[in-house]
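Under UniProt numbering, the first residue of the sequence shown carries the number 1, and numbering increases by one thereafter.
All residues carry an ideal CB built from backbone N, CA and C; glycine is no exception.
Just so it is clear, the structure is predicted and the values come from calculations on it, not from any experiment.
Reading through the structure tokens given below for one structure.
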Amino acid sequence: MLELEHGFRIVDVYARLIPERETPAEGRTISPDRLEREMHQAGITRSIVFPPATAGTGYVAPNNGVARRSVDRPFVAFARINGTREPETTATGRLRNAVSRRADHHTTPADIERYAYDDRFHGFVLDPTVDDYPDEEVLAALEDVELPLIVRGGADAPPAVLAETLLGRSFPVVVAHFGGHPLDRSLMTEMIDLLERYDDCYLETSFVRYRDPLERALREHPDRVLFGSASPACHPDVAVMEILTLDVSEDLLRRAFSKNACRVIDALAPNAESRN
1 MLELEHGFRI
11 VDVYARLIPE
21 RETPAEGRTI
31 SPDRLEREMH
41 QAGITRSIVF
51 PPATAGTGYV
61 APNNGVARRS
71 VDRPFVAFAR
81 INGTREPETT
91 ATGRLRNAVS
101 RRADHHTTPA
111 DIERYAYDDR
121 FHGFVLDPTV
131 DDYPDEEVLA
141 ALEDVELPLI
151 VRGGADAPPA
161 VLAETLLGRS
171 FPVVVAHFGG
181 HPLDRSLMTE
191 MIDLLERYDD
201 CYLETSFVRY
211 RDPLERALRE
221 HPDRVLFGSA
231 SPACHPDVAV
241 MEILTLDVSE
251 DLLRRAFSKN
261 ACRVIDALAP
271 NAESRN
């Protein structure tokens, strides 16, 4: 694809990086070098990266692999975490939560503290459709360290459940895909509505595809929208063009592309870039 020319500083809050010797169950895989080239081609100066979700396994080794492969690249590593709890909206979920216990592969409060004080990591990522939700002890540890959490939102992790389990706490929550994966406009609308209630909730733009929710969120909540590419599943050129073609002001584009993310995630700021 052609190199984009747009004049914006862009940071990407949602990109997957495959650690060494890892083979994802689904999705496209590219090397760190190619991911870096594609980001540069799209005019993206810095990218949050994390390993893919894998059911029933721990993430210590994949997280360390991502951190290692981010060295000397414009990548900011986030640690993927998992949990033991289901939403308590059904009798099955309540029963399972009553008897669930952490296994060796589950994230513990001590893991949260280790990641938080390891300067290689700058936040956390959770896919509740694969890894369930953290228990109260892990959530308390997340509140103690106050680093941002990116959570995959969609049909299997709808806005109401995210509000019940994660929102309203002392750490920022970035809901990926506007909470509507795959392409559920009603869930996106519901997630935008929740921004009125939760001050520390943000929406990430990858796989949204519809202009209306993107433009509405930017106009009504200009400080709460963060650009994400979902690379390598989507080429970052495509993700950038989807935002560039919105019918909003240049100021709102700058907020979505970098200003908002830099306010939430310190490691994405221009001064942090110069220190690395």
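Opposing strand residues paired with Phe75 [DSSP bridges]: The residue you call residue 75 lines up with position 75 of the sequence shown. Looking at the DSSP assignment, Phe75 forms a beta bridge with Ser47.
For Leu126, the three-state DSSP class (helix, strand or coil): In the sequence shown, counting from the first residue as 1, residue 126 sits at position 126. The three-state reading of DSSP puts Leu126 in strand, counting E and B together.
Beta-carbon gap between Glu88 and Glu164 smaller than 9 Å: As a first step, residue 88 is located in the sequence shown; it is residue number 88 there, counting from the start. As a first step, residue 164 is located in the sequence shown; it is residue number 164 there, counting from the start. In this structure, Glu164 lies closer than 9 Å to Glu88 by Cβ.
Residue interval of the alpha helix (DSSP H) (run including Leu195): The count along the sequence shown starts at 1 and reaches residue 195 at position 195. It is not in any alpha helix (DSSP H) - Leu195 carries neither H nor E in the DSSP assignment.
Distance, Tyr115 Cα to Ala61 Cα: As a first step, residue 61 is located in the sequence shown; it is residue number 61 there, counting from the start. As a first step, residue 115 is located in the sequence shown; it is residue number 115 there, counting from the start. Taking the straight line from one Cα to the other gives about 12 Å.
Val125 versus Glu5: straight-line alpha-carbon distance, rounded: Taking the sequence shown and counting its residues from 1, the one referred to as residue 125 is at position 125. Taking the sequence shown and counting its residues from 1, the one referred to as residue 5 is at position 5. Each residue's alpha carbon lies about 30 Å from the other.
Beta-bridge partners of Ser231, as assigned by DSSP: For the purposes of this step, residue 231 is taken as residue 231 along the sequence shown, with counting starting at 1. Beta-bridge pairing by DSSP links Ser231 to Ala15.
Runs of beta strand (DSSP E) lying entirely within the region 137-217, each at least 3 residues, in chain order: If only complete runs of 3 or more residues are kept, the region 137-217 shows the beta strand (DSSP E) at 149-154, 173-181, 201-204, in order along the chain.
Rounded C-alpha distance that separates Ile112 from Leu268: For this step, residue 112 is matched to residue 112 along the sequence shown. For this step, residue 268 is matched to residue 268 along the sequence shown. Roughly 21 Å between the two C-alpha positions.
Range covered by the alpha helix (DSSP H) that runs through Asn82: Here residue 82 refers to the residue found at position 82 of the sequence shown. DSSP places Asn82 outside any alpha helix (DSSP H), giving it a letter other than H or E.
Beta-bridge partners of Ile10, as assigned by DSSP: Taking the first residue of the sequence shown as 1, we reach residue 10 at position 10. For Ile10, the pairing in a beta bridge is given by DSSP as Ile44.
Ala77 vs Ala230 beta-carbon contact at 9 Å: As a working note, residue 77 is residue 77 in the sequence shown. As a working note, residue 230 is residue 230 in the sequence shown. In this structure, Ala230 does not lie closer than 9 Å to Ala77 by Cβ.
Reduced DSSP secondary structure (H/G/I, E/B, other) of Tyr115: The residue you call residue 115 lines up with position 115 of the sequence shown. Judged by DSSP in its simplified three-state form, Tyr115 adopts helix.
Check whether Asp135 and Arg96 have beta carbons under 9 Å apart: Here residue 135 corresponds to residue number 135 of the sequence shown, with the count starting at 1. Here residue 96 corresponds to residue number 96 of the sequence shown, with the count starting at 1. Cβ distance not < 9 Å, so Asp135 and Arg96 don't count as in contact.
Alpha-carbon to alpha-carbon, Pro182 and Ala67: Indexing the sequence shown from 1 puts residue 67 at position 67. Indexing the sequence shown from 1 puts residue 182 at position 182. Roughly 29 Å separates the two Cα atoms.
Three-way DSSP call (helix, strand, coil) for Leu4 in this model: The residue labelled residue 4 in the question sits at position 4 within the sequence shown. For Leu4, the secondary structure class from DSSP, reduced to helix, strand or coil, is coil.
Delimiting residues of the alpha helix (DSSP H) encompassing Ser70: For the purposes of this step, residue 70 is identified with residue 70 of the sequence shown, where counting begins at 1. Boundaries of the alpha helix (DSSP H) harbouring Ser70: 60-70, taken from the DSSP string.
Residues near Ala176 in its chain [Cβ-Cβ closer than 7 Å; skip 5 each side]: Position 176 of the sequence shown, counting from 1, holds the residue named residue 176. Result list for Ala176: Tyr14, Ile150, Val151, Arg152, Gly153, Glu204, Ser206, Gly228, in chain order.
DSSP three-state assignment for Leu226, whether helix, strand or coil: For the purposes of this step, residue 226 is taken as residue 226 along the sequence shown, with counting starting at 1. Strand.
Cα-Cα separation between Gly123 and Asp247, rounded to whole angstroms: For the purposes of this step, residue 123 is identified with residue 123 of the sequence shown, where counting begins at 1. For the purposes of this step, residue 247 is identified with residue 247 of the sequence shown, where counting begins at 1. Taking the straight line from one Cα to the other gives about 32 Å.
Arg263: first and last residue of the uninterrupted alpha helix (DSSP H) it sits in: On the sequence shown, position 263 is the one that residue 263 refers to. Unbroken alpha helix (DSSP H) run through Arg263: 260-264.
Spatial neighbours of Thr129 in its chain, beta-carbon cut-off 6 Å, leaving aside the 5 residues before and after: Here residue 129 is taken as the residue at index 129 of the sequence shown, counted from 1. Here the set comprises Asp156, Ala157.
Cβ shell of Asp184 (< 8 Å), same chain only, five flanking positions each side left out: By 1-based counting over the sequence shown, the position of residue 184 is 184. Excluding positions up to five away in sequence, the list reads Gly154, Ala155.
Limits of the unbroken alpha helix (DSSP H) element including Phe253: For the purposes of this step, residue 253 is identified with residue 253 of the sequence shown, where counting begins at 1. The sequence given here places Leu at residue 253; Phe does not occur at that position. Counting along the chain, Leu253 sits inside the alpha helix (DSSP H) bounded by residues 250-254.
Nearest to Gly168 (by Cα), restricted to the options Ser186, Ser258, Ala140, Arg197: Working through the sequence shown from its first residue, we reach residue 168 at position 168. Sorting Ser186, Ser258, Ala140, Arg197 by C-alpha distance to the C-alpha of Gly168 places Arg197 at the top.
Where residue 301 falls, given that 16 or more other Cβ within 10 Å makes a residue buried: A query on residue 301 cannot be resolved here, the shown segment of the chain reaching from 1 to 276 and no further.
CB-CB length for Glu143 against Ser170, believed under 8 Å: As a working mapping, residue 143 is identified with position 143 in the sequence shown. As a working mapping, residue 170 is identified with position 170 in the sequence shown. Correct: roughly 5 Å between the Cβ atoms.
Endpoints, the alpha helix (DSSP H) within which Ile243 is located: As a first step, residue 243 must be located in the sequence shown, where it is residue number 243. Per DSSP, Ile243 belongs to the alpha helix (DSSP H) from 236-244.
Burial state of Val238 (16 or more Cβ within 10 Å): As a working note, residue 238 is residue 238 in the sequence shown. Val238 should be labelled exposed.
Buried versus exposed call for Tyr117 [16 or more other C-beta atoms within 10 Å across all chains shown]: Taking the sequence shown and counting its residues from 1, the one referred to as residue 117 is at position 117. The residue is exposed, with fewer than 16 neighbouring Cβ atoms inside 10 Å.
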